[in-house]
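Throughout the sequence shown, residue numbering follows the working numbering, covering -12 to 223 in sequence. A virtual CB, placed ideally from N, CA and C, is assigned to each residue, including glycine. Here is the structure we will look at.
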Amino acid sequence: MNIEKILAELSRSVGEIDFDDPVHTVYNPLGYALQAHLAFWKRFGKPKKEAVFLGMNPGPWGMAQTGVPFGEVAAVRGWMGLEVEVGKPPNEHPKRPVMGLDCTRSEVSGGRLWGWANARFGAPEDFFSRFFVVNYCPLIFLEESGRNRTPDKLNVAKRQELFAPCDEALKRYVDYLETKLVIGVGRFAAERALSVFEGSDVRVERVSHPSPANPAANRGWAALVERELEAMGVKI
């Protein structure tokens, strides 16, 4: 299955789910930012990959704006060289407007992840020749206040409904990228990958999340992630 079909099926499946309170607005970048997301895949997502980093879901100032996982605008435009056009979600939240590459807000987690990749590897081609980055869930969930609600905070029934197509898409990403190592960025992503690949020959590891909500990341995520990668046998 090609990547266009994988993304289309995932987008269709999650788009059929009705989310209830406290979820007020749902953004699906695989719809309004599909061309940007495909540009990321087509430039950097060529098989075969040593490992795939797995995030949880898009952030409101990252992939929601650029269509790229952990998509800090400066990294997407400046380092990756992707001049991507992003449309508008059909039900834009007034407190979380989608501005595309004109967004001036910073995605701290993305700045740290891509900043580390830039500092360590230099050219993006050198990083992506070995690694790729995907999100487990493609949707952003916003409360009426504009607050971001992560997938692990959805009610149990909606989580189960959402996780089924996300699990299937993750299997397809890994098959497509011909990798045998999935590195969860944070606990949630690692736990989902462990559930999906239990009993298979795909190995699952975990690194700390670069979020500012993680005190360890605030003390120096780049050094931390390199220690964690070295401990799992990934040579940087």
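Query: Selection from Gly109, Thr137, Ile(-10) and Arg159 that minimises the alpha carbon distance to Gly27; Result: Looking at the sequence shown, residue 27 is not Gly but Phe. Checked all of Gly109, Thr137, Ile(-10) and Arg159; the closest Cα to Phe27 is Ile(-10).
Query: Gly220 in three-state terms, based on DSSP; Result: coil
Query: Contact set for Arg193: own chain, Cβ-Cβ below 6 Å, skip 5 residues either direction; Result: Gly171 and Ala177
Query: Meets three-Cβ-pair contact criterion under 8 Å: the stretch 126 to 137 and the stretch 94 to 104; Result: no
Query: DSSP three-state assignment for Glu70, whether helix, strand or coil; Result: coil
Query: Residue closest to Gly87, alpha-carbon to alpha-carbon, out of Pro111, Tyr19, Val221 and Gly68; Result: Tyr19
Query: Glu148 in three-state terms, based on DSSP; Result: helix
Query: Cα-Cα separation between Leu100 and Arg214, rounded to whole angstroms; Result: 14 Å
Query: Beta-carbon proximity of Pro34 to Leu164, cut-off 8 Å; Result: yes
Query: Exposed unless 16 or more other CB atoms sit within 10 angstroms - verdict on Asn78; Result: exposed
Query: Own chain, CB closer than 7 Å to Val183, minus 5 neighbours either side, in chain order; Result: Asp154, Leu157 and Lys158
Query: Chain-order list of residues whose beta-carbon lies under 6 Å from that of Val63 (same chain, five-residue window excluded); Result: Thr53, Val55 and Leu69
Query: Closest Cα partner of Glu72 within the set His80, Phe6 and Ala23; Result: Ala23
Query: In chain order, each alpha helix (DSSP H) run of at least 4 residues that lies wholly inside the stretch 14 to 73; Result: 16 to 19, 21 to 31 and 50 to 53
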